[in-house]
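Colleague: Take this structure, written in structure tokens, and hold onto it; I'll ask about it next.
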Amino acid sequence: MTHDDTATLAAIVREAYDRQTPLEIVGGGTRRHLGRAPDGQPLPLASHSGVVEYEPSGFVVTVRAGTTLHDLDAVLSREGQKVTVDIPRFSSTSTVGGAIAAGFTGPGRPYTGALRDSVLGTRIISGTGQVLTFGGKVLKNVAGFDVSRLMVGAFGTLGVILDVTLRVSRCPEDVQVIEFEMSWSDARERLKRWEGDLPLTGAFYHRGVLSVRLAGRAARVTAAVRELGGERGRPEVFTELRDLALEFFRAPGSLWRLLVPPDSPWDPQETLIDWAGAQRFWVTLAPAQKVREKALQYGGQAVWVWGPDRSEGPWAAPPAATMALLTRVKAALDPQAILNRGRLYPDW
Amino acid sequence: MKEFTEQKATTLPTAFWRSLRRILPADGLLTKPTQVAVYECDGLPVYRARPLAVALPRTRAQVGLVLALCSRYGVPVVARGAGTGLSGGALPHAHGIVLSLARLNRIVAIDPHNRTARLEPGVRNIAVSEAAAPYGLFYAPDPSSQIACTIGGNVAENAGGVHCLKYGLTTHNVLAVQFFTADGVLHEVGGVTGEGPLDLLALLVGSEGLLGVVVEVMVRLTPKPPATVALLAAFRSLGEAAASVSAVIGEGIIPAGLELMDALALSAAQDYIGIPYPPDSQAVVLAEVDGDLATIELDVAHVRRLLLGHGAFAIEEARSEEDRRRLWLGRKSAFPAVGRLAPDYYCMDGTIPRSALVSVLAEIGERSRHYGLPVANVFHAGDGNLHPLILYDAKIPGELERVEELGAEILRLCLAYGGTISGEHGVGVEKLDGMCAQFTAAELATFHALKSAFDPHHLLNPGKAVPTPARCVEPGGMHVHGGRLPFSSLERF
Ligand SMILES: Cc1cc2nc3c(=O)[nH]c(=O)nc-3n(C[C@H](O)[C@H](O)[C@H](O)COP(=O)(O)OP(=O)(O)OC[C@H]3O[C@@H](n4cnc5c(N)ncnc54)[C@H](O)[C@@H]3O)c2cc1C
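Residue numbers (this note's numbering), protein chains in the order written: chain E, 7 to 354; chain G, 39 to 531.
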């Protein structure tokens with residue numbers, strides 16, 4: 007279960023670089039349906055696994071990318087700790103590396119931060135087969151460009167992630183979910199009022215119901231539940247939302263995330279509003295262009311998550327000059343475009 | 039003083055100067071030595087260089103045109119905010135121009151509903167919180183230089199502050215940035231949630247003006263916490279104080295701020311501000327807890343227990359704003375206070391894992407005794423960001439060299455404990471050597487490759503932040519001579 011595969015992996019990447027043959031980086035394989043379909047020989051990371059360093063009193067853990075989130079949770083929970091940020095787990099084989107590469111953050115995002123906020127350092131294999139370390143294991147670090155955070159959400163197109171150093175936190179003593187029936191505009195007003203004032207760690211709105219998660223010290227959570235009233239909700243509902251496993255996500259069509267100013271109005275389309283308003287999930291058969299335009303109207307952007315037509319890709323191409331800049335950044339780390347070729351954009 | 043680059047008679051065609059004048063407003067181009075002199079250095083005045091000219095555009099369009107022109111003529115450009123940087127990041131290039139963003143100082147919009155602000159780069163940090171205050175909001179990163187430093191400079195340095203332990207650094211609070219690459223092309227990265235196809239925002243924050251010139255920043259605004267309580271705990275030994283910090287962190291409590299001052303810093307602060315610390319204090323820990331009232335009561339009780347359990351013999355508590363300011367006063371004036379103890383001091387900036395505080399402080403003490411050079415410690419203990427201040431007299435021959443040796447040893451100590459050579463002051467010109475200790479040649483080459491992706495001809499702030507692999511000597515620190523610091527009236531750190 008714990009094994010350092012660095013040398014072997016680096017040799018494979020080096021050879022692929024020399025031959026200019028693409029590689030598909032595979033962790034637990036549970037995020038393969040996200041993003042475009044990559045070209046290339048599979049490069050399995052699952053055997054590069056285990057905790058490298060864990061100092062409970064420092065609230066930092068360094069873990070190999072092939073470690074499953076499930077195993078990491080087990081190690082941390084023995085110390086009463088958990089990863090600070092809310093990371094989706096699509097199944098028990100979801101790996102840390104895959105999670106970083108896909109860059110998804112669960113419903114805790116407005117309260118416990120984005121995945122990239124919890125990443126303090128990484129060790130990677132570049133597209134030329136070099137093993138490189140960026141960032142570190144301390145909270146404040148301004149030496150060098152922040153290449154560690156650059157890895158988050160890059161879908162493995164900039165490097166093979168070997169190890170990641172993550173912030174961890176104490177497990178909450180108590181977690182409660184409560185629900186309220188109300189309009190979206192009322193819900194949004196309340197969420198604004200409650201921020202910083204209540205131990206909130208999640209809030210979503212669906213079918214006229216606002217669900218909030220309260221977590222932290224037992225006494226505080228109990229008091230908050232008493233203060234707020236509302237109905238008790240199912241505790242698992244936030245985990246299912248995090249893992250995109252709610253009934254809602256099973257509707258036919260493409261799943262989209264619309265990232266919009268949180269105060270944007272509720273759209274009559276069947277949507278699920280997460281992140282206290284900033285993330286709107288849509289499952290729709292509408293053409294990609296329509297969805298992207300809709301997000302633009304709100305002053306936001308749409309990210310394609312999954313669906314029948316994988317050629318779409320998560321992100322629309324930015325304006326030509328910025329696309330050229332992204333392409334040069336890609337080439338700086340992976341000059342032959344061998345890593346997960348085509349996963350984010352065609353040909354790179 | 040170190041003249042960074044020899045001033046050579048560089049001759050740029052008159053066409054360049056004519057175009058530059060045409061782009062800029064009538065009062066927007068400084069070329070006379072007397073006008074340019076104030077731009078010769080930033081907050082680290084031992085490094086100085088005179089630029090060919092200083093451009094002061096008023097609009098973003100002018101910024102783009104200046105860059106495009108400089109790119110055409112191959113003229114180096116050093117962006118500059120308020121010039122409060124402490125690592126020489128805004129040090130001019132002798133064959134280039136300084137591009138001051140100070141006049142782009144409009145708050146474009148405050149959106150209280152979505153809790154964001156859009157800012158031009160020259161807006162001063164404090165001005166954002168002031169503009170947000172009527173809505174019960176504030177901009178969280180609060181460097182001590184906040185009345186002077188600009189948002190553009192904060193983005194470039196990934197600035198932190200006393201409250202970043204809980205609220206994060208600049209990188210955690212910036213959602214989107216508009217910037218020009220060296221060729222004068224405008225780009226926008228990030229968005230309402232800070233996400234994008236590649237996280238170029240992460241690269242740009244902390245890039246010290248090497249990758250692009252920032253012309254607009256969208257930041258997150260945070261609701262003001264309902265209540266705040268500050269605690270000052272006095273200890274009979276530095277070890278106990280450091281252990282209490284590790285204990286608070288080890289319990290998983292995240293105070294808004296958690297600072298430590300050692301005996302030397304305390305006696306200096308006490309003499310300077312005239313407010314006594316409990317007698318026999320060998321170290322003091324300042325903890326600030328904020329949030330809703332109910333949580334605060336729980337946290338304050340818990341922190342108190344931990345401080346007492348680790349040997350605190352006196353604890354003062356402050357709830358009103360007035361009382362809190364009094365508790366913080368010594369901490370905030372500690373740097374100028376220490377500056378009075380010796381003719382010169384040298385300020386280090388490194389970070390270590392917080393669990394190593396006790397050992398690292400003890401080792402710094404040992405090395406200080408070994409060198410016979412006093413070291414005062416006043417720092418962001420909660421996030422492990424050390425600022426050891428080495429006291430010395432530069433007039434004694436060979437003394438500065440010994441200080442630099444001790445400084446280098448301290449930075450190597452930070453690295454040995456798994457830390458970093460800079461927690462918040464940046465690399466600039468000052469820590470180029472330290473970069474070689476922290477990164478391999480291949481890693482440095484990667485930084486250069488990224489630089490080239492943004493700026494293929496290396497015209498933006500060339501020679502800063504990332505050393506060429508050839509230059510690897512020894513780590514450096516921040517020098518202060520004759521107790522005279524630029525911006526000496528500002529609170530420090
Ligand atoms: C008294 C004092 C206290 C301080 N306290 C703190 C502290 O608590 N925490 C902390 O982190 N720092 C602190 N600093 C350091 C300094 O204030 C910060 O680094 C600040 O962010 C610099 O902002 P500035 O506007 O002065 O930038 P400058 O010094 O003008 O420039 C800094 C760097 O940013 C680049 N730059 C500036 N504007 C732009 C732009 N628009 N686009 C691209 N690049 C740009 C410059 O080229 C340079 O490399 C302190 C400094 C002083 C003098």
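Yeah, the Cβ is synthetic: ideal placement off N, Cα and C, and Gly gets one too.
#1: Are residue 202/G and residue 122/G closer than 7 Å when you measure CB to CB?
#2: Write down the C-beta distance between residue 260/E and residue 312/E rounded to the nearest angstrom, noting that I regard them as a contact closer than 8 Å.
#3: Three-state secondary structure (DSSP) at residue 188/E?
#4: Would you list the residues sitting across from residue 55/E in a DSSP beta bridge?
#5: Quick check: what's the CA-CA separation for residue 70/G versus residue 88/G?
#6: Could you have a look at residue 496/G and say whether DSSP puts it in helix, strand or coil?
#7: Out of curiosity, what's the CA-to-CA distance linking residue 500/G and residue 114/G?
#8: For the beta strand (DSSP E) that residue 212/E lies in, which residues bound it at each end?
#9: Runs of 3 residues minimum, wholly inside the segment 276-320 of chain G: which ones carry the beta strand (DSSP E) assignment?
#10: Evaluate contact between the segment 391-411 of chain G and the segment 424-439 of chain G, counting only Cβ atoms and requiring at least three cross-stretch pairs below 8 Å.
#11: So residue 475/G and residue 453/G are supposed to be a Cβ contact under 8 Å. How far apart are they, rounded?
#12: Along chain A, which residues have their Cβ under 9 Å away from the Cβ of residue 159/E?
#13: Please go through the same chain and pick out, in chain order, the residues whose beta-carbon is closer than 6 Å to the beta-carbon of residue 349/G, but skip the five residues on each side of it.
#14: Alpha carbons only, please: which of 222/E, 125/E and 191/E is nearest the one belonging to residue 270/E?
#15: Restricting to runs no shorter than 3 residues, where is the beta strand (DSSP E) found entirely within the segment 230-265 of chain G?
#16: So with Cβ pairs under 7 Å, would you call residue 216/G a contact of chain E?
#17: Going by the DSSP bridge assignment, what does residue 222/E pair with across the sheet?
#18: Leaving aside the five residues before and after residue 493/G along the sequence, list all residues of the same chain whose C-beta is less than 6 Å from its C-beta, in chain order.
#19: For residue 130/G and residue 138/G, what's the separation of their Cα atoms in angstroms?
#20: So, is residue 146/G buried or exposed, given that buried needs 16 or more other C-beta atoms within 10 angstroms?
#21: So, with DSSP's three-state summary, where would you put residue 85/E?
#22: From the DSSP output, read off the bridge partner residues of residue 216/G.
#23: Would you say residue 251/G touches ligand 1, meaning its beta carbon is less than 6 Å from a heavy atom?
#24: For the alpha helix (DSSP H) containing residue 397/G, name the first residue and the last one.
#25: List the endpoints of the continuous alpha helix (DSSP H) containing residue 84/G.
#26: Curious, which full-length alpha helix (DSSP H) runs of at least 4 residues does the segment 430-506 of chain G contain?
#27: Quick one: is the Cβ of residue 122/G within less than 6 Å of any heavy atom of ligand 1?
#28: Tell me whether residue 108/G, by its Cβ, gets closer than 6 Å to a heavy atom of ligand 1.
#29: Give the residues of chain E in contact with residue 194/G, contact being defined as C-beta atoms less than 7 Å apart.
#30: For residue 201/E, does the three-state DSSP call read helix, strand or coil?
#31: Assuming residue 154/E and residue 125/E are in contact, meaning their beta carbons sit under 8 Å apart, how far apart are those beta carbons, in whole angstroms?
#32: So residue 67/E and residue 172/E are in contact, right, with Cβ under 8 Å, and what is the actual spacing, rounded?
#33: Going along chain G in order, which residues have a C-beta closer than 9 Å to the C-beta of residue 182/E?
#34: In chain order, what residues of the same chain have a beta carbon less than 8 Å from the beta carbon of residue 412/G, not counting five sequence neighbours either side?
#35: Relative to the alpha-carbon of residue 81/G, which residue among 96/G, 61/G, 111/G and 118/G has its alpha-carbon at the smallest distance?
#36: Could you spell out where the beta strand (DSSP E) holding residue 125/E opens and where it closes?
Modeller: In terms of the structure at hand:
#1: As a first step, residue 202/G must be located in the second sequence, where it is residue number 164. As a first step, residue 122/G must be located in the second sequence, where it is residue number 84. The beta carbons of residue 202/G and residue 122/G sit no closer together than 7 Å.
#2: Working through the first sequence from its first residue, we reach residue 260/E at position 254. Working through the first sequence from its first residue, we reach residue 312/E at position 306. Yes, residue 260/E and residue 312/E are in contact; Cβ-Cβ is about 7 Å, under 8 Å.
#3: Working through the first sequence from its first residue, we reach residue 188/E at position 182. Three-state DSSP puts residue 188/E in coil, outside helix and strand.
#4: Taking the first residue of the first sequence as 1, we reach residue 55/E at position 49. Paired residues: 9/E.
#5: For this step, residue 70/G is matched to residue 32 along the second sequence. For this step, residue 88/G is matched to residue 50 along the second sequence. Whole-angstrom Cα-Cα distance: 11 Å.
#6: Here residue 496/G refers to the residue found at position 458 when the second sequence is read from its first residue. Assignment of residue 496/G by DSSP, reduced to helix, strand and coil, places it in the coil class.
#7: The sequence position of residue 500/G within the second sequence is 462, counting from 1. The sequence position of residue 114/G within the second sequence is 76, counting from 1. Here the alpha carbon of residue 500/G sits roughly 7 Å from the alpha carbon of residue 114/G.
#8: Numbered from 1 along the first sequence, position 206 holds the residue referred to as residue 212/E. Where residue 212/E is concerned, the enclosing beta strand (DSSP E) stretches over 206-212.
#9: Counting only runs of 3 or more, we get 295-300.
#10: Contact holds: three or more Cβ-Cβ distances are below 8 Å.
#11: Indexing the second sequence from 1 puts residue 475/G at position 437. Indexing the second sequence from 1 puts residue 453/G at position 415. Taking a contact as a CB-CB distance under 8 Å, the pair residue 475/G and residue 453/G counts as one, their CB atoms being some 6 Å apart.
#12: Chain labels in this structure do not include chain A; the protein chains are E and G.
#13: Numbered from 1 along the second sequence, position 311 holds the residue referred to as residue 349/G. If the five residues before and after residue 349/G are omitted, its C-beta is found closer than 6 Å to the C-beta atoms of 273 and 278, all from its own chain and listed in chain order.
#14: The residue you call residue 270/E lines up with position 264 of the first sequence. Of the listed residues, the one whose Cα sits closest to residue 270/E is 191/E.
#15: Listed in chain order, the beta strand (DSSP E) runs fully inside the segment 230-265 of chain G are 251-258, counting runs of at least 3 residues.
#16: Stepping through the second sequence from its first residue, residue 216/G is reached at position 178. With 7 Å as the cut-off, residue 216/G does not count as an interface residue toward chain E.
#17: The residue labelled residue 222/E in the question sits at position 216 within the first sequence. Beta bridge pairing from DSSP links residue 222/E with 180/E.
#18: The residue you call residue 493/G lines up with position 455 of the second sequence. Around residue 493/G: 220.
#19: Your numbering for residue 130/G matches position 92 in the second sequence. Your numbering for residue 138/G matches position 100 in the second sequence. About 11 Å.
#20: Sequence index remark: in the second sequence, residue 146/G carries index 108 (1-based). Answer is exposed; the Cβ neighbour count stays below 16.
#21: Counted from its first residue, the first sequence places residue 85/E at position 79. In the three-state DSSP reduction, residue 85/E falls in the coil class, being neither helix nor strand.
#22: As a first step, residue 216/G is located in the second sequence; it is residue number 178 there, counting from the start. Checking the DSSP bridge columns, you'll see residue 216/G partnered with 226/G and 254/G.
#23: Start at 1 with the first residue of the second sequence, and residue 251/G comes out as number 213. Yes, the beta carbon of residue 251/G sits closer than 6 Å to at least one heavy atom of ligand 1.
#24: As a first step, residue 397/G is located in the second sequence; it is residue number 359 there, counting from the start. Under the DSSP assignment, residue 397/G falls in the alpha helix (DSSP H) whose first and last residues are 395-409.
#25: In the second sequence, residue 84/G corresponds to position 46, counting from 1. It is not in any alpha helix (DSSP H) - residue 84/G carries neither H nor E in the DSSP assignment.
#26: Entirely contained in the segment 430-506 of chain G, the alpha helix (DSSP H) runs reaching 4 residues are, in chain order, 437-454, 470-476 and 479-492.
#27: The residue labelled residue 122/G in the question sits at position 84 within the second sequence. Yes.
#28: Sequence index remark: in the second sequence, residue 108/G carries index 70 (1-based). Relative to ligand 1, even the nearest heavy atom lies 6 Å or more away from the CB of residue 108/G.
#29: As a first step, residue 194/G is located in the second sequence; it is residue number 156 there, counting from the start. The contacting residues do not exist; residue 194/G stays about 10 Å from chain E at best.
#30: By one-based count along the first sequence, residue 201/E stands at place 195. Coil, per DSSP.
#31: Numbered from its first residue, the first sequence carries residue 154/E at position 148. Numbered from its first residue, the first sequence carries residue 125/E at position 119. About 5 Å; that satisfies the 8 Å criterion.
#32: Position 61 of the first sequence, counted from the first residue, corresponds to residue 67/E. Position 166 of the first sequence, counted from the first residue, corresponds to residue 172/E. Right, their Cβ atoms sit about 6 Å apart.
#33: As a position in the first sequence, residue 182/E is number 176, starting the count at 1. Per Cβ cutoff of 9 Å: no residues; residue 182/E is ~15 Å from chain G at best.
#34: Walking along the second sequence from the start, residue 412/G turns up at place 374. Excluding residues within five positions, the ones whose Cβ falls inside 8 Å are 302, 379, 380, 406, 428 and 429.
#35: Your numbering for residue 81/G matches position 43 in the second sequence. Minimum Cα distance to residue 81/G is reached at 118/G.
#36: Stepping through the first sequence from its first residue, residue 125/E is reached at position 119. In the DSSP assignment, residue 125/E falls within the beta strand (DSSP E) that extends over 125-131.
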